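**Student:** In our numbering, the protein residues as written are 982 to 1416.
Note that the Cβ used here is the ideal one computed from N, Cα and C, for glycine as well.
Model, not experiment: these values are computed from the prediction.
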Amino acid sequence: MKTPKVTLTVKVLLGMALGIAVGLGINLSGLNDAGSWIQTYVVNGAFHIIGVMFVKALKMLVVPLVFFSLIGGVCGIGNIRALGRVGIKSFALYMLTTAIAIAIAISIATLANIGTNIEQSTNSSFSAKEAPPLSEVFINIIPSNPIQAMANGDMLPVIFFSILVGISMLMVGKKARSFIEGVEVANEIMMQMVNIIMAVAPYAVFALIAKAVANLGLDLLSELAGYVLVLVAALMLHLFVTLMLILKLFSGLSPLIFLRKIRNAQVFAFSTASSNATIPVTLRTVTQRMGANNSVASFTVPFGATINMDGTAIMQGVATVFIANIYQVELGMTGYLTVILMSVLASIGTAGVPGVGLIMLSMVFAQVGLPVEGIGLILGVDRLMDMIRTAVNISGDAVVTSIVAKSEGEIDLDIYRDPKAGTLDTEKVIHAVLD
Ligand code: ASP
């Protein structure tokens, strides 16, 4: 008898649910106490090893995947004017969604009046890492050594170099054709690698989430309940209402289909807390599940992972109001406008990796005169908040990709509407690898 196929999404969601359950169980039962064997061998042992290996495997794919798919994308678009259009449209939409996100966050947090009943604690220590100044950001778009930029995983210079290679290949014309074909094959090979790694994702997602929840527990959440609740509400509002309205308004595409198809990528973002590490999955989702052409997606997805962080901007808005209330600093309209501007600018210069939101926040605080050590107060819950906001970040990337692809006539609507399109049969992949 044939058993019904369980899709990857279901398996990944199961992994996540099981991870939360096991993590909570370990945490609440006190099995995770310092020095216990569960902590040493299970949480910081097996879970840690599996999780880190998986995230490294994803990161391993990012640079070669972006490099080949972007060159292929540029050659696919075929003319530099269209490329410029895609660049300008996606940049404008990324900035717009980020600005809306932070405005929503500040409004909700101000209405909820969070932080007013909290005593300012004295042991909140946080030393901020420097965020790069904006001038550096522009200068660093051009790599003095592309190999080094690739080795460091710096996305903007890698994007710049890849686009230039693509444009030059177009200009060389006929003679470069075999090279272009080679790049297309390389791109397909990289996508196969994504499939292989995704086949083990449910187990890795379980390990990553079980470890995070076992270490975090629930205690911290209740201490900062106001902050957490308002932040999560603002994130959800942005994801389910603002972004979906923008998607519908600008492209006419169905938000329900979008939300169903983006789920997998969201779980990856949630478990890794890194938009960058999720690039392979986001790219696969928008091209194979939603039908966006690689010529658009290969540019907008890595670009978005670097410059577009709606969820992170929301965290900054909520955190600013929270800390300003605790320290009783009156920010005023100018202060809040500065926060909006700074957050949008800060998101351009910082890569989508875990915890980077805090670095951006310290930049914002310094600008509006809030005490940077105030960040210490929210540090405890930041990992969990990071996971949630990263899922919102990559959803924004996928929304903008779909809108730009639709406006360029580069989306296959049959694929977008087909619920089965691009689903992965993990068993088939595993057998194909093993046979
Ligand atoms: N982890 C986030 C991302 O990769 C950035 C942050 O908010 O810290 O998108």
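Taking DSSP's pairing of strands, which residues face Ala1273 in a bridge?
**Tutor:** The sequence position of residue 1273 within the sequence shown is 292, counting from 1. Looking at the DSSP assignment, Ala1273 forms a beta bridge with Ile1392.
**Student:** Round the Cβ separation of Ala1413 and Ala1082 to the nearest angstrom and send it over; I've been treating them as touching at under 8 Å.
**Tutor:** Here residue 1413 corresponds to residue number 432 of the sequence shown, with the count starting at 1. Here residue 1082 corresponds to residue number 101 of the sequence shown, with the count starting at 1. Not confirmed; about 41 Å, so no contact.
**Student:** Note down the Cα distance separating Gly1313 from Ala1084, rounded to an integer number of angstroms.
**Tutor:** Position 332 of the sequence shown, counted from the first residue, corresponds to residue 1313. Position 103 of the sequence shown, counted from the first residue, corresponds to residue 1084. Going from the Cα of Gly1313 to the Cα of Ala1084 covers about 14 Å.
**Student:** Helix, strand or coil, according to DSSP, for Gly1233 in the structure here?
**Tutor:** Residue mapping note: residue 1233 aligns to position 252 of the sequence shown, counting from 1. Here Gly1233 sits in coil by DSSP.
**Student:** Which whole-angstrom value is the C-beta distance of Leu1012 and Ile1019, which I expect to be below 8 Å?
**Tutor:** Taking the sequence shown and counting its residues from 1, the one referred to as residue 1012 is at position 31. Taking the sequence shown and counting its residues from 1, the one referred to as residue 1019 is at position 38. Yes, Leu1012 and Ile1019 are in contact; Cβ-Cβ is about 4 Å, under 8 Å.
**Student:** Which class does Met1152 belong to by DSSP, given the choice of helix, strand or coil?
**Tutor:** Residue numbering aside, residue 1152 sits at position 171 when the sequence shown is read from its first letter. Residue state, collapsed to three classes: helix.
**Student:** Residue range of the alpha helix (DSSP H) that His1029 falls in?
**Tutor:** To locate residue 1029, count along the sequence shown from 1; it is residue 48. Looking at the DSSP string, the run of the alpha helix (DSSP H) that includes His1029 is 1029-1058.
**Student:** Along the chain, which unbroken stretches of the alpha helix (DSSP H) at least 4 residues long are found entirely within the segment 1137-1201?
**Tutor:** You should have 1158-1180, 1182-1197.
**Student:** Can you find the residues in the same chain that come closer than 6 Å, C-beta to C-beta, to Val1146, ignoring five residues on each side of it along the sequence?
**Tutor:** In the sequence shown, counting from the first residue as 1, residue 1146 sits at position 165. Contacts found: Ile1052.
**Student:** For Gly1338, verify whether its CB is less than 7 Å away from any heavy atom of ligand 1.
**Tutor:** If you number the sequence shown from 1, residue 1338 lands on position 357. Yes; taking the cut-off as 7 Å, the Cβ of Gly1338 has a heavy atom of ligand 1 nearer than that.
**Student:** Going by DSSP in three states, Leu1360 sits in which element: helix, strand or coil?
**Tutor:** To locate residue 1360, count along the sequence shown from 1; it is residue 379. Helix at Leu1360.
**Student:** Can the beta-carbon of Asn1168 be found less than 8 Å from the beta-carbon of Ala1250?
**Tutor:** Numbered from 1 along the sequence shown, position 187 holds the residue referred to as residue 1168. Numbered from 1 along the sequence shown, position 269 holds the residue referred to as residue 1250. Cβ atoms of Asn1168 and Ala1250: not closer than 8 Å.
**Student:** Is there at least one non-hydrogen atom of ligand 1 closer than 7 Å to the beta-carbon of Pro1335?
**Tutor:** Indexing the sequence shown from 1 puts residue 1335 at position 354. Checking the Cβ of Pro1335 against ligand 1 gives yes.
**Student:** For ligand 1, is there any heavy atom lying closer than 7 Å to the beta carbon of Met1296?
**Tutor:** As a first step, residue 1296 is located in the sequence shown; it is residue number 315 there, counting from the start. Yes, ligand 1 has a heavy atom inside 7 Å of this Cβ.
**Student:** For Phe1221 and Leu1228, which I take to be in contact (beta-carbon distance under 8 Å), what is that distance rounded to the nearest angstrom?
**Tutor:** Residue 1221 sits at position 240 when you count from the first residue of the sequence shown. Residue 1228 sits at position 247 when you count from the first residue of the sequence shown. Not confirmed; about 11 Å, so no contact.
**Student:** Thinking Ile1369 and Gly1298 are a contact (beta carbons under 8 Å), I'd like their distance in whole angstroms, please.
**Tutor:** In the sequence shown, counting from the first residue as 1, residue 1369 sits at position 388. In the sequence shown, counting from the first residue as 1, residue 1298 sits at position 317. 15 Å between Cβ atoms; not a contact.
**Student:** With C-beta atoms as the reference, is Leu1405 less than 8 Å away from Leu989?
**Tutor:** Against the sequence shown, residue 1405 aligns to sequence position 424. Against the sequence shown, residue 989 aligns to sequence position 8. Cβ distance < 8 Å, so Leu1405 and Leu989 count as in contact.
**Student:** If you follow the alpha helix (DSSP H) that Phe1346 is in, where does it begin and where does it stop?
**Tutor:** For the purposes of this step, residue 1346 is taken as residue 365 along the sequence shown, with counting starting at 1. Taken as a continuous stretch (DSSP letters only), the alpha helix (DSSP H) holding Phe1346 covers 1337-1349.
**Student:** Mind reading off the beta-carbon distance from Met1344 to Met1323? Whole number of angstroms is fine, and I expect it under 8 Å.
**Tutor:** As a first step, residue 1344 must be located in the sequence shown, where it is residue number 363. As a first step, residue 1323 must be located in the sequence shown, where it is residue number 342. Indeed they touch by this definition, with Cβ atoms about 6 Å apart.
**Student:** For the 8 Å Cβ check, are there 3 or more pairs between the segment 1190-1209 and the segment 1352-1369?
**Tutor:** Verdict: yes, contact present.
**Student:** Please confirm whether any heavy atom of ligand 1 lies closer than 7 Å to the CB of Arg1364.
**Tutor:** In the sequence shown, residue 1364 corresponds to position 383, counting from 1. It does not: the Cβ of Arg1364 is nowhere closer than 7 Å to a heavy atom of ligand 1.
**Student:** Is Thr1223 a contact residue of ligand 1, with contact defined as CB to any heavy atom under 7 Å?
**Tutor:** In the sequence shown, the residue the question calls residue 1223 occupies position 242. No, the beta carbon of Thr1223 sits no closer than 7 Å to any heavy atom of ligand 1.
**Student:** Do you know how far the Cα of Leu1264 is from the Cα of Arg1398?
**Tutor:** For the purposes of this step, residue 1398 is identified with residue 417 of the sequence shown, where counting begins at 1. For the purposes of this step, residue 1264 is identified with residue 283 of the sequence shown, where counting begins at 1. Taking the straight line from one Cα to the other gives about 18 Å.
**Student:** Sort Phe1280, Pro1400, Ala1347, Leu1342 by Cα distance to Val1381 and report the nearest one.
**Tutor:** On the sequence shown, residue 1381 is found 400 positions in, with the first residue counted as 1. Minimum Cα distance to Val1381 is reached at Phe1280.
**Student:** For Ile1089, which three-state DSSP category applies?
**Tutor:** Here the question's residue 1089 lines up with position 108 in the sequence shown. Looking at Ile1089 - three-state DSSP - the assignment turns out to be helix.
**Student:** Mapping DSSP to helix, strand and coil, what is Met1217?
**Tutor:** What you label residue 1217 is simply residue 236 of the sequence shown in a count that begins at 1. Met1217: helix per DSSP, three-state reduction.
**Student:** So does Met1290 have its beta carbon nearer than 7 Å to some heavy atom of ligand 1?
**Tutor:** Here the question's residue 1290 lines up with position 309 in the sequence shown. Within the cutoff, so yes.
**Student:** According to DSSP, is Asp1014 part of a helix, a strand, or is it coil?
**Tutor:** Translated into positions along the sequence shown, residue 1014 becomes position 33. Coil.
**Student:** Checking 8 Å against the spacing of the C-beta atoms, do Leu1046 and Met1171 come in under that value?
**Tutor:** To locate residue 1046, count along the sequence shown from 1; it is residue 65. To locate residue 1171, count along the sequence shown from 1; it is residue 190. A contact, by the Cβ cut-off of 8 Å.
**Student:** Quick check: the Cα distance between Ala1258 and Thr1266, rounded to an integer number of angstroms?
**Tutor:** Indexing the sequence shown from 1 puts residue 1258 at position 277. Indexing the sequence shown from 1 puts residue 1266 at position 285. Roughly 14 Å between the two C-alpha positions.
**Student:** In the DSSP assignment, find the alpha helix (DSSP H) that holds Ile1408 and state where it starts and stops.
**Tutor:** As a working note, residue 1408 is residue 427 in the sequence shown. Here residue 1408 turns out to be Glu, not Ile, going by the sequence shown. From DSSP, the alpha helix (DSSP H) with Glu1408 extends over 1407-1415.
**Student:** Could you please give the first and the last residue of the uninterrupted alpha helix (DSSP H) stretch that includes Lys1401?
**Tutor:** The residue given as residue 1401 occupies position 420 in the sequence shown. Segment: none, Lys1401 is in no alpha helix (DSSP H) and carries neither H nor E.
**Student:** Among the candidates Ile1359, Glu1408, Pro1261, Val1067, whose CA atom is the shortest distance from the CA of Val1175?
**Tutor:** The sequence position of residue 1175 within the sequence shown is 194, counting from 1. The residue with the shortest Cα to Cα distance from Val1175 is Pro1261.
**Student:** Count Cβ pairs between the segment 1386-1397 and the segment 1148-1159 that sit closer than 8 Å; are there 3 or more?
**Tutor:** With the cut-off at 8 Å, the segment 1386-1397 and the segment 1148-1159 do not touch.
**Student:** Which same chain residues, not among the five before or five after Thr1268, have their C-beta less than 6 Å away from its C-beta?
**Tutor:** In the sequence shown, residue 1268 corresponds to position 287, counting from 1. Same-chain partners within the cutoff: Asn1275, Ala1278.
**Student:** Helix, strand or coil for Gly1096 per DSSP?
**Tutor:** Stepping through the sequence shown from its first residue, residue 1096 is reached at position 115. Here Gly1096 sits in coil by DSSP.
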